[in-house]
Each structure stands twice: as C-alpha cells, then as structure tokens.
Amino acid sequence: MNSQQITMLIVVIAGLIDLAIRIAAIIIIPRNRKPSAAMAWLLAIFLIPFAGIIFFLLLGSSRLPKRRRAKQVQINRLIAEGMGDMDLVSDSAEWPAWFASVVALNTSLGAVPLVGGNTAHLLGDYKGSIEAMAADIDTATTFVHVEFYIVSFDATTKVFFLPWRPP
1 MNSQQITMLI VVIAGLIDLA IRIAAIIIIP RNRKPSAAMA WLLAIFLIPF AGIIFFLLLG
61 SSRLPKRRRA KQVQINRLIA EGMGDMDLVS DSAEWPAWFA SVVALNTSLG AVPLVGGNTA
121 HLLGDYKGSI EAMAADIDTA TTFVHVEFYI VSFDATTKVF FLPWRPP
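Just so it is clear: in the sequence shown, position 61 is 61 by full-length UniProt numbering, and no numbers are missing.
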C-alpha cells in the first residue's frame, strides 16, 4: 500500500467512527435526561464531534447524586408506609391500552401505586374543562384541592374563581 491509500483508509475509518458515534449519541444521550440537556449534548457532539464526545464522557453523567438517591429511597419508604390499607387496583383488564404505561411510570418514579375509588374524565376543550371544574367545586362539601401550572383570571375562568370569594 502506498501513502495515498493509507491516508484514504485512515479517512474512511475516521468517518465510519464519527458516523457510529453520532448514531450511538442519538440513541444513548436522550435517555434519562431533560430534553434541553439532551439537545445540548447532541449539538456539542454534532458540531464539535471529537471534543464533544470527550466532554460528554467526562461530564455527561445522568445519574442523580448519591445523597439525592438516598433521599428518594427514604421518601419511597415513607410513601409505602403511608399507603397502609388503601384499596389498590390490580384488575388491569378494563384499562385503556395507554393506561398501563402511565401506571408503571407513576409507580416507578414516585412509588405511588394506583388506588381505587377515583374517576377521571378527559375534557378536550379549555372552556368546557373550566366549567366542569367549577361545577365540581359547587358540589364540594368540605374542601377543594386544585393545582395548575399556569392560570389567570379572565372571562373564561371567572366561573371557576368567583365561587371562592369570601361572602
């Protein structure tokens, strides 16, 4: 082999290694990461390939710190103790196809199993969902727990917020 062939072989091998790293990065990096962090690592690897992969191997661990993992084990134990004799749901025959994965995710991330005695309705439109929640609040006898990501007082939410005003 002459030097030109050796150079060509090295270039081809480097290109194949680069391609393999990029394909592996697309598969491996998004796992157990926030989408923004995964995108940042992928951009680093794609824009500065060899330096990006070196930085990722040095800094890109997705494991939680040991203290945080220990705290999660403790919290999971407290949740399990608090569950006591709650009515756990085990009959998955009536569940919709997508529901089993939601239950598994909830159990694995938060250690909270599915319990019975609950109902849920999927409401497709915003105004209808606010009106349905307001109607449920009107029937409450003791207390109401509500949690929103973002909500504001406007013409649509007026029916929801006005019943909460003091008399």
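Beta carbons are placed, not taken as given, at the ideal position from N, Cα and C, and that holds for glycine.
With DSSP collapsed to three states, give me the class of V115. Note: V115 maps to strand in three-state DSSP.
So which of A40, P49, V159 has the shortest CA-CA distance to D136? V159
Report the residue ranges of all alpha helix (DSSP H) runs contained in full by the UniProt domain "Cardiolipin synthase N-terminal" (23-60); include only those spanning at least 4 residues, in chain order. 35-47, 49-59
Under three-state DSSP, which class holds L123? coil
Just mark W41 as buried or exposed, buried being the case when its beta carbon has 16 or more other beta carbons within 10 Å. buried
Opposite L88 in the DSSP bridges: which residues? V115
Leaving out the 5 sequence neighbours to the left and right, which residues in its chain are closer than 8 Å to I53 when beta-carbon positions are compared? I21, A25, I45
Can you list, in chain order, the residues of its chain whose CB lies under 7 Å from that of D18, leaving out five sequence neighbours each side? P49
Consult DSSP for S101 and reduce its assignment to one of helix, strand or coil. helix
Please report the distance separating the alpha-carbon of P113 from that of L162. Rounded to whole angstroms, P113 and L162 show a C-alpha spacing of 35 Å.
Taking A80 as the reference, give the member of S108, L64, A93, F56 with the closest Cα. S108
Do A132 and L122 have their C-beta atoms closer together than 8 Å? no
Residue nearest to D154 in terms of C-alpha spacing, selected from R63, Y126, P65, N2: Checked all of R63, Y126, P65, N2; the closest Cα to D154 is Y126.
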